[in-house]
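**Student:** Everything in the sequence shown is counted per the working numbering, starting at 6 for the first residue and increasing by one.
We treat Cβ as the ideally placed atom computed from N, Cα and C, and that holds for glycine.
Nothing here was measured: the structure is a model prediction, and the numbers come from that model.
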Amino acid sequence: MISRRLIRIKALQALYAYKKSEKPDFVHYYKEYERSLQKTYEQYCMFFLLLTELQHFAFARIDRLKNKNYKKDDTWQALLPFAENKIVEQLAQNKMLQKCALDFKLSWNAPQNPVIKEIFNYVIETDWYKTYVVSEKNYENDKKFVRKVLSQVVYNTENVYSFFEDTSIYWNDADEYMISMVEKTIRAFDEQNPQGGELMPLYKDVDIQMFARNLFTETINNWTAYNEYIVAALRNWELERIAEIDIILMQMAVTEAIQCVEIPVAVTLNEYIEIAKLYSTDKSSIFINGILHGVFNTLQRQDIIVKKGRGLIK
């Protein structure tokens with residue numbers, strides 16, 4: 006579930022904190038790095054739990070409206086499609102989600118949490134919910150509705166960001182990515198499966214897990230040696246004049262290019278250029294591109310960077 010791009014970003018943040026520390030403790034910062042990746046996965050699970058909490062809230066609202074004996078029966082009936090959404094019913098039965106909530110002690114603290122009420126009230130007032138209410142009742146429409154809730158809710162309900170920021174300092178970097186992963190999971194759900202389908206694991210495979218571990222550890226272990234390759238390519242630039250985050254990005258890129266033999270050099274180069282655009286200065290991506298091109302070309306000629314595996318790009 007965790008992508009290499011997200012791993013690179015999390016590693017950059019952890020390495021920056023490590024290098025800025027007056028007394029850098031490898032074990033401490035590596036644990037923080039691992040925790041940041043785990044918290045991202047917890048956020049993935051929290052979105053599924055959000056859907057089940059909204060369903061509980063819908064049932065509670067229906068019961069209250071029924072007890073008030075409203076003359077217009079459609080007041081509470083308009084909430085039934087929300088309460089009886091088949092995707093959310095499957096999530097409520099999903100063993101992987103239950104285990105995730107138990108293992109990581111995840112909860113929205115409903116019904117005390119005002120975010121649940123805010124989201125629910127926002128959704129039922131939208132035009133797309135009103136369209137959903139009168140649409141044909143089938144599994145695909147239920148699936149489309151759930152995906153609509155996920156894509157809209159974070160950006161249009163005031164307290165969602167605050168809730169995640171209060172529960173995790175790692176929230177801002179992964180919001181759009183997490184929602185896209187939740188939507189991808191739901192797209193694969195099957196109507197015939199009582200639990201809908203499987204949730205994604207934290208790491209898709211062992212290779213991704215090893216990439217996460219090695220990118221952080223090998224960047225630190227080889228800092229001095231790989232720094233020489235970068236300095237040799239700087240020409241008229243002094244290391245002290247370069248933004249610290251750019252140095253870290255280049256160190257990570259060199260580490261990845263040398264250590265990860267299955268990742269094409271072109272992929273590594275493009276990834277760190279894109280991350281520089283997000284996390285460094287306006288001109289950093291151009292600078293990093295130029296320096297890394299020189300470093301990679303030299304190291305390939307010297308057979309220090311050697312790639313192997315299927316589908317590699319020269």
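Can you list, in chain order, the residues of its chain with a C-beta nearer than 7 Å to that of L96? Leave out the 5 residues immediately preceding and following it.
**Tutor:** Once the five neighbours on either side are set aside, the close Cβ partners of L96 are F53, L56, T57, L102, G201.
**Student:** Just to confirm, are V128 and F87 a CB contact at a threshold of 9 Å?
**Tutor:** Yes. Within cutoff.
**Student:** Tell me whether the beta-carbon of F194 lies closer than 9 Å to the beta-carbon of I268.
**Tutor:** The answer is no: Cβ separation not under 9 Å.
**Student:** Compute the distance between the beta-carbons of A258 and T286, then report whether it is under 9 Å.
**Tutor:** Their beta carbons are not under 9 Å apart, which means A258 does not touch T286 by this criterion.
**Student:** Taking the alpha-carbon positions, what's the R246 to F169 distance?
**Tutor:** The alpha-carbon atoms of R246 and F169 are separated by roughly 37 Å.
**Student:** Tell me the DSSP secondary structure of E196 in three-state form.
**Tutor:** The answer is coil: DSSP assigns E196 none of H, G, I, E or B.
**Student:** Whole-angstrom Cβ separation of G299 and A230, contact assumed at under 8 Å?
**Tutor:** 17 Å between Cβ atoms; not a contact.
**Student:** Please confirm whether L207 and Q43 have their CB atoms less than 9 Å apart.
**Tutor:** Against a cut-off of 9 Å, the Cβ pair of Q43 and L207 comes out as a contact.
**Student:** Straight-line CA distance for I293 to E243?
**Tutor:** The straight-line gap from Cα to Cα measures roughly 14 Å.
**Student:** In this structure, how does DSSP classify P86 when only helix, strand and coil are distinguished?
**Tutor:** Three-state DSSP puts P86 in a helix.
**Student:** For E170, does the three-state DSSP call read helix, strand or coil?
**Tutor:** Reduced to three states, the DSSP call for E170 is helix.
**Student:** Would a C-beta distance cut-off of 9 Å place K122 and F62 closer than the cut-off?
**Tutor:** The answer is yes: Cβ separation under 9 Å.
**Student:** Apart from the five residues on each side of it in sequence, which residues of its chain come closer than 8 Å, Cβ to Cβ, to E94?
**Tutor:** For E94, where only same-chain residues beyond five positions count, the Cβ hits under 8 Å are Q60.
**Student:** Could you give the first and the last residue of the continuous alpha helix (DSSP H) run that contains N294?
**Tutor:** Per DSSP, N294 belongs to the alpha helix (DSSP H) from 289-306.
**Student:** Taking C-beta to C-beta, are T162 and L220 nearer than 9 Å?
**Tutor:** For T162 and L220, no; Cβs fall outside 9 Å.
**Student:** Where does V32 fall in DSSP's three states?
**Tutor:** The answer is helix: DSSP assigns V32 an H, G or I state.
**Student:** Provide the residue span of the alpha helix (DSSP H) that contains A320, from first to last.
**Tutor:** For residue 320 there is no data in the structure shown, the boundaries of the chain being 6 and 319.
**Student:** Decide yes or no for the touch test of the segment 143-161 against the segment 7-24: beta carbon pairs closer than 8 Å, at least 3 of them.
**Tutor:** At 8 Å Cβ cutoff, the stretches do not touch.
**Student:** Just the Cα atoms here: how many angstroms apart are E196 and A83?
**Tutor:** Cα-Cα distance, rounded: 23 Å.
**Student:** So the alpha helix (DSSP H) I124 belongs to, where does it begin and stop?
**Tutor:** It spans 119-129 - the alpha helix (DSSP H) in which I124 sits, taken as one unbroken run.
**Student:** Would you decide whether I291 is buried or exposed? Buried here means 16 or more other CB atoms lie within 10 Å of its CB.
**Tutor:** Result: exposed.
**Student:** Within its chain, find whatever has a CB closer than 7 Å to the CB of K319; leave out the 5 residues flanking it on each side and keep chain order.
**Tutor:** Residue confidence for K319 is low, a pLDDT of 39 falling below 50, so the modelled location carries little weight; the figure read from the coordinates is stated next. Excluding sequence neighbours, K319 sits near nothing in its chain.
**Student:** State the Cα-Cα distance for the pair G316 and Y35, rounded to the nearest angstrom.
**Tutor:** Summary for G316: the model assigns pLDDT 42, below 50, so the residue's position carries little reliability; its value from the coordinates is reported in the next sentence. Cα-Cα distance, rounded: 32 Å.
**Student:** In whole angstroms, what is the alpha-carbon distance linking R152 and F216?
**Tutor:** So the alpha carbons of these two residues sit roughly 31 Å apart.
**Student:** Please determine, among I263, L254, I124, N90, the residue with the shortest C-alpha to C-alpha distance to L304.
**Tutor:** The shortest Cα separation from L304 among I263, L254, I124, N90 belongs to I263.
**Student:** Please classify F31: is it buried, with 16 or more other beta-carbons within 10 angstroms of its beta-carbon, or exposed?
**Tutor:** Exposed, since its Cβ has fewer than 16 Cβ neighbours within 10 Å.
**Student:** Which residue comes first and which comes last in the alpha helix (DSSP H) that contains R246?
**Tutor:** It is not in any alpha helix (DSSP H) - R246 carries neither H nor E in the DSSP assignment.
**Student:** How long is the line joining the alpha carbons of T222 and S156, rounded to whole angstroms?
**Tutor:** The alpha-carbon atoms of T222 and S156 are separated by roughly 36 Å.
**Student:** In terms of residue numbering, what span does the alpha helix (DSSP H) encompassing K313 cover?
**Tutor:** Note, K313: premise wrong, no alpha helix (DSSP H); not H, not E.
**Student:** On a Cα-Cα basis, can you pick out the residue from Q98, E279, M205, V270 that is closest to D251?
**Tutor:** Cα-wise, what sits closest to D251 is E279.
**Student:** Among the candidates N72, Q214, M186, whose CA atom is the shortest distance from the CA of E203?
**Tutor:** When only C-alpha atoms are compared, the closest one is M186.
**Student:** Looking at I253: is its Cβ nearer than 9 Å to the Cβ of K24?
**Tutor:** For I253 and K24, yes; Cβs fall inside 9 Å.
**Student:** Could you tell me the distance, in whole angstroms, from the CA atom of R240 to the CA atom of Y234?
**Tutor:** Looking at the two C-alpha atoms, the distance is approximately 11 Å.
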